[in-house]
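First comes the structure, then the notes that go with it.
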Amino acid sequence: MSSSVPDRTELGFDPEALRAKYRAERDKRLRDDGGNQFVVPTGDLKHLADDPYVEPGFTRAPLSDDVNVLIVGGGFAGLSAGAALRKQGVGGIRYVEKGGDFGGTWYWNRYPGVQCDIESYIYLPLLEETGYMPRERYSHGPEIWEHAQRIARHFDLYEDALFQTAVTELRWLDEERKWLVRTDRGDAFKARYVIRTNGILDRPKLPGIPGIAGYKGHSFHTSRWDYDYTKGDSTGGLTGLANKRVAIIGTGATAIQAVPYVARYAKHLYVVQRTPSGIDERRNGPTDAAWWQGLEPGWQRRRRDNFVALTTGVPQDEDLVGDGWTDAIRDLAGANLGDLAPDDLSAKKELADFVKMNQVRSRVDEIVEDSATAEALKPWYRQFCKRPCFNDDFLPAFNRPNVDLIDTGGRGLDGFTEEGFLFDGKLYPVDCVIFATGFDFGNAYGASAQQKGHPILGRDGISLADEWGEGMRTLHGFYSAGFPNLFHMGGSQNGLAFNLTYCLDEQAEHIAEVAKVAEERGATLIEPTAEAEAEWVATIRAKDKSFQDFQRDCTPGNFNDEGKIGGRISRSDEYYGAGPIAFYALIREWRAKGMAGLTIA
212 MSSSVPDRTE LGFDPEALRA KYRAERDKRL RDDGGNQFVV PTGDLKHLAD
262 DPYVEPGFTR APLSDDVNVL IVGGGFAGLS AGAALRKQGV GGIRYVEKGG
312 DFGGTWYWNR YPGVQCDIES YIYLPLLEET GYMPRERYSH GPEIWEHAQR
362 IARHFDLYED ALFQTAVTEL RWLDEERKWL VRTDRGDAFK ARYVIRTNGI
412 LDRPKLPGIP GIAGYKGHSF HTSRWDYDYT KGDSTGGLTG LANKRVAIIG
462 TGATAIQAVP YVARYAKHLY VVQRTPSGID ERRNGPTDAA WWQGLEPGWQ
512 RRRRDNFVAL TTGVPQDEDL VGDGWTDAIR DLAGANLGDL APDDLSAKKE
562 LADFVKMNQV RSRVDEIVED SATAEALKPW YRQFCKRPCF NDDFLPAFNR
612 PNVDLIDTGG RGLDGFTEEG FLFDGKLYPV DCVIFATGFD FGNAYGASAQ
662 QKGHPILGRD GISLADEWGE GMRTLHGFYS AGFPNLFHMG GSQNGLAFNL
712 TYCLDEQAEH IAEVAKVAEE RGATLIEPTA EAEAEWVATI RAKDKSFQDF
762 QRDCTPGNFN DEGKIGGRIS RSDEYYGAGP IAFYALIREW RAKGMAGLTI
812 A
């Protein structure tokens, strides 16, 4: 084993040249406005956020009653919370969900080819409890949405769900020790506890391109796919595009899945790219029924724990999943370097990453026939600067004569006119623009609380947006001083994993356990002490900063607040440094020892 970094002769490539290339590609995307380069659909673009899946004209009488628990959001976080509460015997649960059904991400995202990139056996929650066997290793969107509905039926969560409804205000009533909940349907009911589960993959964002609102052709966002216009469904049949010139804006995880379908049906397709995604092979296939029937009780938790451990650097005796994610992490440990691996861990990870990304880039050359297009589709950054993609159909789509890549070299389009888009002084007339431009992550915490459309006013009328103006303040990511009986679910100030549903199930179990203790004690208030909250925030922010350094060197994107990481406290910074396995073990032990720092009165 060599103790120093091997030279380019031994490696077959020049590490310093790659570092310089990565920096140059990163700098193409750096902008002073960071995340503010995107806009949410308002004004003339407001319709791009409307729900196309429900019949217009829905009305109902407003409610003014009392409930025990309000769950805001009906995605997998909210479903896991409701299921966990049911298991603990906690009743009086009501949902408020702005969509027309449960499903969250999988309700909104019905674009052609929509599919999960995490193995279905560990991604789909509560498989053992519902007795469901996924049809494939990687489930497609319709099956995932069906499973969300299955969970809701299994745990009787439909019985008091308010769909097509959005919370407009949460206000703490100190004398009653309840939350007053107001909605856009005129509701003004009270809830003892509120669990906020509204996630990050529901509110579309758009690029702030000049003239975007003046475009007169058809347009929609991938999370609001317009099948009335395209015809077909998520499996294909987009015959409405047969005589249409179409532009898809974006080449992230959504576009990777949608582009091959649009390419098959559109008269012509322009794919507009700032930065390419890294795309490895997809290893999908039908579920082996005999293997499934042989699984022993508790298998899903063991498999989930194993995957999360491996993908966060916790050694395991075996790899139960064995997919592109666990392979990638194994490669980062130097498995692909052989005897060339240096002793220094940081140098080893970087070199292993170079080797892996060289393989990803070589795959582009092997598949894409036009050399200039292939070169433009190569990702020049470290593997986890952006979410890795696994797809077998995206790259071959560029071999079709009706598909053109518009590579903007990182800067984006110059503008829109009534007829189409502008780039490098040329007008590209198009009949339809599809925005595959992602979602409003709400990286600034105070802004996020307001953008989500429901101001949260705690004790003495203090606004959560103001309280979090300089960054999130919680105990364990769940509760905040001054905002009693309010729980948060998500990936901030707790343990974050690639398989988010693992985290959500763990969080739901934790919240249900705490609520059960309160119910058993006849308590009416759950709130952390200011001291415990401050100590936890300090713990979060005192973690090893190497990941922030890594993200700072990455090409801008969602993971690093569009290149502004470190400039303000953002979601990119807020996670438990020791990882999700350690975090959820920590809170289980904390519960067992009496929940110090949490007032249950």
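Using my numbering, the letters of the sequence shown map in sequence onto residues 212 to 812.
A virtual CB, placed ideally from N, CA and C, is assigned to each residue, including glycine.
Have a look at residue i and residue j and give me their C-alpha separation to the nearest angstrom.
i      : j      : result
CYS596 : ALA608 : 24 Å
ALA585 : VAL519 : 33 Å
LYS804 : ILE798 : 10 Å
ARG494 : ASP534 : 8 Å
THR810 : VAL250 : 40 Å
LEU296 : GLY693 : 24 Å
GLY425 : THR628 : 6 Å
THR619 : ASN705 : 37 Å
TYR369 : ALA708 : 29 Å
ASP635 : ASP625 : 7 Å
ASP603 : VAL575 : 11 Å
LEU606 : GLY461 : 14 Å
LEU229 : ILE578 : 22 Å
ALA726 : ARG234 : 49 Å
TYR184 : TRP356 : Outside the shown range of the chain, which is 212 to 812, sits residue 184, and nothing can be said about it.
ASP238 : ALA231 : 11 Å
ALA812 : GLU746 : 21 Å
CYS327 : GLU386 : 46 Å
Are the CB atoms of residue j and residue i within a distance shorter than 8 Å?
i      : j      : result
LEU686 : PRO739 : yes
GLU409 : VAL283 : The question names Glu, but residue 409 in the sequence shown is Asn. Yes.
ILE645 : PHE431 : yes
LEU668 : ARG388 : no
HIS665 : VAL378 : yes
GLY310 : VAL280 : no
LEU384 : VAL405 : no
LEU531 : ASN517 : yes
GLU339 : PRO345 : no
ALA458 : LYS478 : no
ALA466 : ALA647 : yes
TYR713 : ARG403 : no
THR450 : TYR476 : yes
GLY293 : PHE400 : no
GLU615 : TYR481 : Sequence check: residue 615 is Asp here, not Glu. Yes, the Cβ-Cβ distance between ASP615 and TYR481 is below 8 Å.
THR498 : THR522 : no
GLU730 : VAL301 : yes
ASN613 : PHE224 : no
LYS455 : CYS643 : yes
Using C-beta distances below 8 Å, list every residue in its chain close to residue i, excluding the 5 sequence neighbours before and after it, in chain order.
i      : result
ASP801 : Residue identity differs from the one stated: residue 801 is Trp in this sequence, not Asp. These residues qualify, in order along the chain: HIS687 and ALA807.
GLN662 : Note on GLN662: pLDDT 41, under 50, position unreliable in the model; the coordinate value appears next. Only VAL251, ARG414, ASP651 and GLY653 meet the Cβ criterion.
TRP503 : MET344
ILE792 : ASP516, VAL519, ALA520, THR523, VAL525 and GLY706
GLU236 : THR486, TRP591, TYR592, GLY621 and THR766
Excluding sequence positions up to five away, which residues of its chain have a Cβ less than 6 Å from the Cβ of residue i?
i      : result
ASP371 : ARG305
TYR813 : In the structure as shown, the chain starts at 212 and stops at 812, and residue 813 therefore has no counterpart that could be examined.
GLU720 : ALA295
TYR786 : LEU707
ALA743 : LEU686 and GLY808
Please return the same chain residues whose Cβ sits closer than 7 Å to the Cβ of residue i, not counting the five positions on each side in sequence.
i      : result
LEU241 : PRO767 and GLY774
LEU711 : GLY702
TYR795 : GLY706 and GLU717
ILE420 : GLY623, LEU624, GLY626 and PHE627
LEU556 : none
GLY286 : GLY314, GLY315, THR316, THR408 and GLY410
ASP312 : TYR318, GLN360 and PHE374
LYS754 : GLY788
LEU337 : ALA294 and ILE362
GLY448 : LYS442
ASP255 : ALA424
Measure from the alpha carbon of residue i to the alpha carbon of each residue in the options, then state which is nearest.
i      : options                           : result
GLY314 : SER275, HIS358 and LEU551         : HIS358
THR316 : LEU551, GLY300, ALA288 and ALA587 : ALA288
ALA539 : ALA583, GLN594, LEU562 and PRO497 : GLN594
VAL265 : THR376, ASP238 and GLU227         : THR376
ASP395 : ARG271, LEU715, LYS637 and PRO487 : ARG271
VAL748 : GLN326, ARG763 and SER691         : SER691
ILE722 : CYS714, LYS427, PHE689 and ARG732 : PHE689
PRO487 : TYR592, VAL641 and GLY682         : TYR592
ALA587 : GLY352, MET683 and ARG485         : ARG485
GLN248 : ILE423, CYS765 and GLU742         : ILE423
HIS351 : VAL728, VAL392, ASN320 and GLY268 : ASN320
Just to check, is the beta-carbon of residue i closer than 7 Å to a non-hydrogen atom of the ligand GDP?
i      : result
ARG414 : With respect to small molecules bound, the structure shown includes none, and the ligand GDP cannot be examined in it.
Legend entry - Inter-stretch contact (C-beta, 8 Å, three-pair minimum) for the region 433-441 and the region 332-350: Counting Cβ pairs under 8 Å, fewer than three are found: no touch.
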